[in-house]
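Encoded as structure tokens, the structure appears first; notes follow it.
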Amino acid sequence: MTLKVLAVDDSRTIRDMLKLTLVEAGMTPHLAEDGQHGLEVLDGLDPDVIITDINMPRLDGFGFIDAVRDQDDYKTIPILVLTTESSDELKAKARNSGATGWIVKPFDPVKLVKALHMVAG
9 MTLKVLAVDD SRTIRDMLKL TLVEAGMTPH LAEDGQHGLE VLDGLDPDVI ITDINMPRLD
69 GFGFIDAVRD QDDYKTIPIL VLTTESSDEL KAKARNSGAT GWIVKPFDPV KLVKALHMVA
129 G
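Using the working numbering, read the sequence shown as starting at 9 and increasing by one per residue.
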């Protein structure tokens, strides 16, 4: 099964690294530059899993997660937070918003792919 992954991050470098990692793992990446763009890309897309950064312009990761979870079609899609942040408060806030897991940057491609397979079932 080829996983469809929506990756939302304002860093072009991170988006490029994610795209490379996902393509090499046989997954189909869909990329967005911030939370607002992520919602636009998500519209009509049926991803198996979503990866999002927290600190982004226009709409941050928390706002993006809330907006995704407000839509019935996307209530159960796993969302992994990929960020430089590592505080327990932010992790709790992300969990309360509906995030499935938390990965700290810089990410290990092997661990990221393993985590995506785990949450996508």
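Just so it is clear, CB atoms sit at the ideal spot from N, CA and C, and this is done for glycine as well.
Keep in mind that this is a model prediction, so the values were computed, not measured.
* Asked: Can you check whether the CB of D56 is closer than 9 Å to the CB of A128?
  -> yes
* **Spatial distance of E32 from A123 (CA atoms)** => 15 Å
* Residue burial classification, A100 (beta-carbon count within 10 angstroms, cutoff 16) -> exposed
* Boundaries of the beta strand (DSSP E) in which T91 is found, first to last residue -> I87 to T91
* To do: Just tell me which of D68, T108, G71 and S95 has its CA closest to the CA of P84.
  => This sequence places Thr at residue 84; Pro is not what is there. The shortest C-alpha separation from T84 is found at T108.
* To do: Have a look at A52 and S95 and give me their C-alpha separation to the nearest angstrom.
  => In the sequence as presented, Ala is not what sits at residue 52; that position holds Gly. Between G52 and S95, the C-alpha separation is close to 34 Å.
* Going by other Cβ atoms of all chains shown within 10 Å of its Cβ, with 16 needed for buried, is P114 buried or exposed? -> exposed
* In three-state terms, what does DSSP make of L30? -> helix
* Do the region 36-53 and the region 15-24 meet, that is, are 3 or more Cβ pairs less than 8 Å apart? -> yes
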